[in-house]
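If you count by my numbering, then the sequence shown holds residues 303 to 549, one letter each, in order. Every residue gets a Cβ at the ideal spot worked out from N, C-alpha and C, and that includes glycine. The structure displayed is predicted, hence computed values, not measured ones.
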Amino acid sequence: SFPTRRSSDLGWNEARPAPVPAQYRFLEHNRRVREAIEDWQTRVRRPDMGDVDEALFRFYARHLENISSRDELNRWLREPGRGDLLCVGEEELTGGRSLAFDAKAFPDAVVVGGQPVVVRYAYAPGEEHDGVTVRVPFTLADAVAGPALEWAVPGMRESLAEELLRALPRSIRAQLQPIAPKAVEIAREFEPTGASLLGDLARFLHRKYGVTVPPGVWSNAGIPSHLKTRVEVVGPDEKTLAAARSV
Numbered sequence: 303s304f305p306t307r308r309s310s311d312l313g314w315n316e317a318r319p320a321p322v323p324a325q326y327r328f329l330e331h332n333r334r335v336r337e338a339i340e341d342w343q344t345r346v347r348r349p350d351m352g353d354v355d356e357a358l359f360r361f362y363a364r365h366l367e368n369i370s371s372r373d374e375l376n377r378w379l380r381e382p383g384r385g386d387l388l389c390v391g392e393e394e395l396t397g398g399r400s401l402a403f404d405a406k407a408f409p410d411a412v413v414v415g416g417q418p419v420v421v422r423y424a425y426a427p428g429e430e431h432d433g434v435t436v437r438v439p440f441t442l443a444d445a446v447a448g449p450a451l452e453w454a455v456p457g458m459r460e461s462l463a464e465e466l467l468r469a470l471p472r473s474i475r476a477q478l479q480p481i482a483p484k485a486v487e488i489a490r491e492f493e494p495t496g497a498s499l500l501g502d503l504a505r506f507l508h509r510k511y512g513v514t515v516p517p518g519v520w521s522n523a524g525i526p527s528h529l530k531t532r533v534e535v536v537g538p539d540e541k542t543l544a545a546a547r548s549v
């Protein structure tokens, strides 16, 4: 069987796969293609993407229809150019979708306490590290407080704003209809500056739309976990000292 690397295997300190023999160089190529797709999917979160592993299996099955053993594969690979036939293209695994994304909307780092800190993305529904994780050195732990990190990733703002609006009681939510364009405006114009993202957002809604959101009325129970920034405080050895979700 061919070694694969599922997205669920990804960790923050993942080990690189062992070098493969020259005749299997297509495996390294295909691994890089899959990593590019996984990186794209963790940022844009397209649940309709389909099963990349299944698409890769079908690709191999189509090209190796009469190959049933490693010896047969090795003999088949001796023919010039055959290894290249097993190098999959992105479009083969994505159904033709482009892997482009806005790097400014999903940055690799954000500034905390005047210093850039790493942002990591994971498409791992149901797992602890799903969504966005910001790794903060323990020396900057005091700078984590407040909404700076909760609103740090521009590409998440619209979705988070929409979920927060929909989490309001019906009587308040009705005053903000239609919700979707309001979320776009909030993502574009809202800049939290205080100690609480929800408090700042409530003040913005009153100033922008004349809608009052009383303290404590917000319920975030229905907000998907991946929209809540995960903050890891790490020590000098890069080991996690503490981790928590925002909002």
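In angstroms with no decimal places, state the Cα-to-Cα distance between residue i and residue j.
i    : j    : result
W301 : H508 : Only positions 303 to 549 of the chain appear in the structure, and residue 301 is not among them; the question remains open.
D432 : R532 : 9 Å
R380 : Y326 : 11 Å
E493 : R360 : 47 Å
Y362 : S400 : 22 Å
L467 : E330 : 45 Å
F408 : G398 : 22 Å
A485 : G518 : 21 Å
A454 : F440 : 19 Å
I474 : M458 : 23 Å
T555 : V346 : Outside the shown range of the chain (303 to 549) lies residue 555, about which nothing can therefore be said.
V535 : L503 : 26 Å
D355 : L395 : 8 Å
G385 : E465 : 48 Å
E374 : Y423 : 40 Å
G391 : A405 : 22 Å
C389 : N332 : 6 Å
K530 : R372 : 46 Å
R334 : E429 : 23 Å
R377 : A357 : 25 Å
What are the start and end residues of the beta strand (DSSP E) that includes residue i?
i    : result
E534 : R532 to V536
V412 : A411 to V414
A424 : Q417 to A424
T396 : Careful: T396 lies outside any beta strand (DSSP E), inside the alpha helix (DSSP H) at E392 to T396.
R437 : G433 to P439
Is it buried or exposed, residue i, if we count other Cβ atoms within 10 angstroms and call 16 or more buried?
i    : result
V515 : buried
E337 : exposed
P480 : exposed
Y425 : buried
A463 : buried
V434 : buried
E393 : exposed
E340 : buried
A476 : exposed
V413 : exposed
Classify residue i as helix, strand or coil using the three-state DSSP reduction.
i    : result
Y362 : helix
Q479 : coil
G501 : helix
G385 : helix
A546 : strand
V513 : coil
F408 : coil
K541 : coil
L529 : helix
E429 : coil
A402 : coil
D444 : helix
E367 : coil
D355 : helix
A324 : helix
V586 : Because the chain here runs from 303 to 549, residue 586 falls outside it and cannot be looked at.
E491 : helix
L451 : coil
Could you give the residue range of the alpha helix (DSSP H) that holds residue i?
i    : result
V346 : R327 to V346
G457 : P456 to R468
N376 : R372 to L379
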